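Take a look at the structure below.
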Amino acid sequence: MSAAVMVDVRGVHKSFGRLDVLRGVDLQVAAGSVTVILGPSGSGKSTLLRAVNHLEKPDRGHVAIDGEPIGYRYTGGKLRERPEREVLRRRTGIGFVFQNFHLFPHLTVLENIVEAPVHVLKRPRAKARSSALELLARVGLAEHADAYPGRLSGGQQQRVAIARALALEPKVLLLDEPTSALDPELVGEVLDVIRDLARTGTTMIVVTHEIGFAREVADTVVFMDGGVVVEQGPPAEILDRPRHERTRAFLSKVL
Ligand code: ADP
Ligand code: MG
1 MSAAVMVDVR
11 GVHKSFGRLD
21 VLRGVDLQVA
31 AGSVTVILGP
41 SGSGKSTLLR
51 AVNHLEKPDR
61 GHVAIDGEPI
71 GYRYTGGKLR
81 ERPEREVLRR
91 RTGIGFVFQN
101 FHLFPHLTVL
111 ENIVEAPVHV
121 LKRPRAKARS
131 SALELLARVG
141 LAEHADAYPG
151 RLSGGQQQRV
161 AIARALALEP
171 KVLLLDEPTS
181 ALDPELVGEV
191 LDVIRDLART
201 GTTMIVVTHE
211 IGFAREVADT
221 VVFMDGGVVV
231 EQGPPAEILD
241 RPRHERTRAF
251 LSKVL
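Counting from 1, one number per residue, gives the positions in the sequence shown under the UniProt record's numbering.
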């Protein structure tokens, strides 16, 4: 039995000026699975995540979420670009967690989470609040609902950012180096939350240098270099028996 493909990246190219950052990336992510992307700095990992939700529009190739192309639609048998407002609506089905949290500093923790469901999904505020409190309990921060982000540690802020992303009930959650900005002693609490999401079947793509976490949680490890997927497979295969010299060289530096 093979699970449905939730994220389907086909032949995606992206250049900035003369710099070819993505040079034909293919990636399929099964519903309910966790994909970890590894690769050296500048290899295109962030650009790929941003292309998945069309924060970067691919120059060539397509991205489909749950079978629906995000930037295009078929009309009259032809592939046409979607209007921006349709892209925006589709993007709400994709959660994004950034390295630097990006919380709204002037809103409380609870307000940070309630904002999007109320304004984007048009949820009644009372319902959005009760869901937000459940999410905060899930990330272990129920008692901080009324605090401002500036009062929290980096690890706590990142857990709020994850709860905020989940409040839009995304089909897939993208996390771009979610622990890279944290002091080492705070990394574990954020990885624990991600681990819990994995256990309950959240589809995720995680860019991280945490190899131990990749080994334990990932269904698929993808190694990127120079704007292409060099190799991908189960963690034991890619981390312990990489086939490509570039993967071996990278792993020898981070392990
Ligand atoms: P990674 O996340 O693997 O470190 P990125 O996807 O952030 O790599 O970047 C890949 C390359 O693309 C880098 O050389 C970076 O400087 C360049 N790049 C990324 N975004 C832009 C942009 N908006 N304009 C110009 N260059 C960019
Ligand atoms: Mg990056």
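Built from N, CA and C at the ideal position, the CB exists for glycine as well. This one's a predicted model, so the numbers in the text were calculated from it and none came from an experiment.
Using alpha carbons as the reference points, say which of the options lies closest to residue i.
i, options, result
"Ala-218", "Ile-205, Pro-242, Val-228", "Ile-205"
"Asn-100", "Ala-249, Leu-175, Ala-145", "Leu-175"
"Asp-196", "Pro-184, Asp-183, Arg-159", "Arg-159"
"Arg-248", "Leu-27, Val-120, Glu-84, Leu-38", "Leu-38"
"Gln-156", "Ala-181, Arg-73, His-54, Leu-49", "Ala-181"
"Val-7", "Leu-48, Gly-227, Gly-150", "Leu-48"
"Arg-246", "Gly-150, Val-190, Arg-10, Pro-40", "Pro-40"
"Ala-31", "Leu-168, Gly-212, Arg-60, Thr-203", "Thr-203"
"Val-228", "Val-5, Leu-173, Val-34, Ser-46", "Ser-46"
"Thr-140", "Lys-122, Ser-131, Ala-163", "Note that residue 140 is Gly in the sequence shown, not Thr. The candidate whose alpha carbon is nearest that of Gly-140 is Ala-163."
"Ala-188", "Val-207, Gly-212, Thr-200", "As written in the sequence, residue 188 is Gly, which differs from the Ala given in the question. Of Val-207, Gly-212, Thr-200, the residue nearest in Cα terms is Gly-212."
Residue i bridges to which residues according to DSSP?
i, result
"Ala-30", "Val-5"
"Pro-69", "Ala-64"
"Leu-103", "DSSP, once it has assigned bridges, lists no residue as partnering Leu-103."
"Ile-205", "Thr-35, Leu-174"
"His-144", "Answer is none; His-144 lacks a bridge partner."
"His-13", "Arg-23, Arg-60"
"Phe-223", "Leu-38, Glu-231"
"Thr-47", "In the DSSP output, where bridge partners are listed per residue, Thr-47 has none listed."
Where does residue i land, buried or exposed, given buried means 16+ other C-beta within 10 angstroms?
i, result
"Ala-161", "buried"
"Phe-16", "exposed"
"Lys-14", "buried"
"Ala-165", "buried"
"Val-254", "exposed"
"Leu-79", "exposed"
"Glu-143", "exposed"
"Asp-183", "exposed"
"Pro-83", "exposed"
"Phe-104", "exposed"
"Leu-22", "buried"
"Glu-216", "exposed"
"Ala-198", "buried"
"Asp-225", "buried"
"Pro-124", "exposed"
"His-106", "exposed"
"Glu-210", "buried"
"Leu-88", "exposed"
"Thr-35", "buried"
Shorter than 6 Å, the distance from the beta carbon of residue i to the closest heavy atom of ligand 2, or not?
i, result
"Lys-45", "yes"
Please determine whether the Cβ atom of residue i lies at a distance below 6 Å from any heavy atom of ligand 1.
i, result
"Gly-42", "yes"
"Phe-16", "yes"
"Val-21", "yes"
Can residue i be considered in contact with ligand 4, in the sense that its beta carbon sits closer than 6 Å to one or more heavy atoms?
i, result
"Asp-183", "Inclusion of ligand 4 in the displayed structure is not the case, the ligand content consisting of ligand 1 and ligand 2 alone."
Is residue i close to chain D, meaning its C-beta is less than 7 Å from at least one C-beta of that chain?
i, result
"Gln-232", "The displayed structure is made up of one protein chain only, and chain D is not part of it."
* Asked: Which ranges would you report for the beta strand (DSSP E) in the region 79 to 125 if only whole runs of at least 3 residues count?
  -> Segments of the beta strand (DSSP E) lying fully in the region 79 to 125: 94 to 97.
Alpha helix (DSSP H) segments (min. 4 residues) lying fully within the region 154 to 193
Taking only runs of at least 4 residues, the alpha helix (DSSP H) segments lying wholly in the region 154 to 193 are 154 to 166.
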